[in-house]
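Quick note on my numbering: the sequence shown kicks off at 6 and runs consecutively. Ideal placement from N, C-alpha and C gives every residue a C-beta, glycine not left out. Structure record follows, encoded as structure tokens.
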Amino acid sequence: MKNKIFTLFLFVIVLININIVYAEEDFNAEDVIRSQFEKIDFSDINVEMQKINEKYKLPELSPQSIWEMFKGGNEASFNSVIETIKNYFFKEIKQQLLVFTRIFILTLLAVLIIKIQEAFNSKVSDIVFKIIYLTLMAFIIQSLSIGLKTAADAINYMINFMLVLWPVLITLMVSLGHVVSSTLFDPLLVGGSQFVSQAINFTVLPLFFTSGILQVVDYLSEEISISKLAKLVRNFGAFILGICFTVFSGITILRGTAGSVADGVALRTGKFLTKGFLPVIGSMLSDAFDTILGCTLVVKNAVGIFGLLTLFFICTLPALKLIVMIFMYKIAGAFLQPIDNNRISPLMFSVSGVLTYIMAAILAVGVMLFITLTIILISGNATVMFR
Numbered sequence: 006m007k008n009k010i011f012t013l014f015l016f017v018i019v020l021i022n023i024n025i026v027y028a029e030e031d032f033n034a035e036d037v038i039r040s041q042f043e044k045i046d047f048s049d050i051n052v053e054m055q056k057i058n059e060k061y062k063l064p065e066l067s068p069q070s071i072w073e074m075f076k077g078g079n080e081a082s083f084n085s086v087i088e089t090i091k092n093y094f095f096k097e098i099k100q101q102l103l104v105f106t107r108i109f110i111l112t113l114l115a116v117l118i119i120k121i122q123e124a125f126n127s128k129v130s131d132i133v134f135k136i137i138y139l140t141l142m143a144f145i146i147q148s149l150s151i152g153l154k155t156a157a158d159a160i161n162y163m164i165n166f167m168l169v170l171w172p173v174l175i176t177l178m179v180s181l182g183h184v185v186s187s188t189l190f191d192p193l194l195v196g197g198s199q200f201v202s203q204a205i206n207f208t209v210l211p212l213f214f215t216s217g218i219l220q221v222v223d224y225l226s227e228e229i230s231i232s233k234l235a236k237l238v239r240n241f242g243a244f245i246l247g248i249c250f251t252v253f254s255g256i257t258i259l260r261g262t263a264g265s266v267a268d269g270v271a272l273r274t275g276k277f278l279t280k281g282f283l284p285v286i287g288s289m290l291s292d293a294f295d296t297i298l299g300c301t302l303v304v305k306n307a308v309g310i311f312g313l314l315t316l317f318f319i320c321t322l323p324a325l326k327l328i329v330m331i332f333m334y335k336i337a338g339a340f341l342q343p344i345d346n347n348r349i350s351p352l353m354f355s356v357s358g359v360l361t362y363i364m365a366a367i368l369a370v371g372v373m374l375f376i377t378l379t380i381i382l383i384s385g386n387a388t389v390m391f392r
């Protein structure tokens, strides 16, 4: 009896001295998100962003700033985006006005020589016209070269940026359980992006540039016409551009959707097995898994939106430069039409058409990468939804 009382007394003492541990009720998801941002290696992205900022003078952009902006509704970041576009646009107008002032003066001289030639039928005036026209050709070809370099640089910046963004996104996709999607996306997008960039830089853009030179040469002489050849070269470049865009986008959409469904089913199966075989602890692990998964999803979306915004700038700013050049040529052609004898004015409109096709190449690559990145974000969110 005494032993039982003593044992009961010891048991009560032990119970009294047990420290009761409560679960932390206030789970700070922001700390988890910040911790994940700190653990991700953004060094390659930062190096590439430094090059892009030197070229286009972009506002301060980073995945962390995107998360802070959407979390706190920072209007200053949005205003900086508008300010960047406005400053770049007006800077290009000032630069192109200087170039087009020279072209316009030479064009007026050429038109004046044409009128003299028509009035006096002088061979000397014809020679002077050809000299002025050759000088005008040099300025126009230089302008086309600027447009070509603008497009090539923009495409290279977009491709290089995506190549350093892919590893971060693929890593985050794997951490979210997107094993199938990441396996499909990694070789497909990297290889596809390289193929498209090489095809456009070394095939499509040179074809458009060659078409522009042929159109300029076509207006040099009234006896020889190569306008059909110029049109054929231009249409061939547009055909290759359309094929690249269609094939790449179609494969990416189909493969990405299939991967997200497979990953979603795998995640759902894993959660079911965890809860089924570990009734108490499994439920706790499943809830903790959902929390970490949600925080990782926020990080991935922030990185993805950062990529979308950067692509938007790299694509939009060079396109704005080309738009300014296109309208300058159209305005010059419109003003010259009443006094021209259909030799200079049609040339201005033809050059603006070539620049429009070059701009279309930039927009095609930008839209293609934009769609691809959006599909990665949607497929990742769909995987979490399917789970």
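Measuring alpha carbon to alpha carbon, tell me which of the options ends up nearest residue i.
i, options, result
"Val238", "Thr208, Ala369 and Ser67", "Thr208"
"Gln55", "Asn306, Phe166 and Ala243", "Phe166"
"Leu117", "Lys135, Ile160 and Asn84", "Lys135"
"Gly242", "Tyr224, Ala365 and Thr315", "Ala365"
"Leu139", "Ile175, Leu66, Leu103 and Tyr224", "Tyr224"
"Leu113", "Leu341, Phe354 and Ile381", "Leu341"
"Asp49", "Ser150, Leu174 and Ser148", "Leu174"
"Gly358", "Ile381, Val329, Glu97 and Ala159", "Val329"
"Asn84", "Glu97, Leu66 and Ile98", "Leu66"
Who are the near neighbours of residue i in its chain, counting only those whose CB is closer than 7 Å to its CB and skipping five residues on each side?
i, result
"Leu397", "Here the chain has residues from 6 to 392 only, and residue 397 is not among them."
"Ile363", "Gly152, Leu153, Ala156, Leu210, Phe213 and Leu327"
"Val86", "Pro64"
"Ile146", "Ile218 and Val221"
"Asn51", "none"
"Arg348", "Ile119 and Tyr224"
Which residues in the same chain have their Cβ closer than 6 Å to the Cβ of residue i, if we skip the five residues on either side of it in sequence?
i, result
"Thr215", "Val238"
"Val201", "Cys249 and Phe253"
"Pro68", "Ala307, Val308 and Phe311"
"Gly197", "Phe253"
"Leu322", "Tyr61 and Tyr93"
"Ile344", "Val116"
For residue i and residue j, I'd like the C-alpha separation in whole angstroms.
i, j, result
"Leu141", "Leu325", "24 Å"
"Met373", "Phe250", "7 Å"
"Asn58", "Trp171", "20 Å"
"Cys320", "Leu63", "12 Å"
"Asn206", "Ile121", "44 Å"
"Leu313", "Val304", "14 Å"
"Thr106", "Phe47", "45 Å"
"Met163", "Ile119", "46 Å"
"Ala204", "Leu168", "17 Å"
"Val133", "Ile90", "43 Å"
"Met178", "Thr379", "14 Å"
"Ile350", "Leu316", "Note that residue 350 is Ser in the sequence shown, not Ile. The alpha-carbon atoms of Ser350 and Leu316 are separated by roughly 36 Å."
"Tyr334", "Lys44", "51 Å"
"Gln100", "Glu228", "36 Å"
"Phe318", "Ile367", "12 Å"
"Leu149", "Arg39", "47 Å"
"Phe159", "Ile245", "A small fix is needed here, since residue 159 is Ala in this sequence, not Phe. Their Cα atoms are separated by approximately 19 Å."
"Glu97", "Asn240", "29 Å"
"Glu53", "Asn161", "11 Å"
"Thr176", "Leu382", "13 Å"
Assuming residue i and residue j are in contact, meaning their beta carbons sit under 8 Å apart, how far apart are those beta carbons, in whole angstroms?
i, j, result
"Gly217", "Val356", "6 Å"
"Leu360", "Ile331", "5 Å"
"Ile71", "Leu111", "Wrong, their Cβ atoms sit about 48 Å apart, outside the cutoff."
"Ile108", "Ala337", "7 Å"
Residues in the same chain with beta-carbon distance under 8 Å from residue i, minus the five sequence neighbours each way, listed in chain order, please.
i, result
"Phe14", "Note on Phe14: pLDDT 43, under 50, position unreliable in the model; the coordinate value appears next. Correct list: empty, nothing qualifies."
"Phe144", "Val104, Arg107, Ile108 and Leu111"
Counting only runs that start and end within the region 208 to 261, where is the alpha helix (DSSP H) found for 4 or more residues in a row?
Listed in chain order, the complete alpha helix (DSSP H) runs (minimum 4 residues) inside the region 208 to 261 are 210 to 223.
Quick check for students: name the residue ranges of the alpha helix (DSSP H) that lie wholly in the region 49 to 105, counting only runs of 4 or more.
With a minimum length of 4 residues, the continuous alpha helix (DSSP H) runs that stay inside the region 49 to 105 are 68 to 77.
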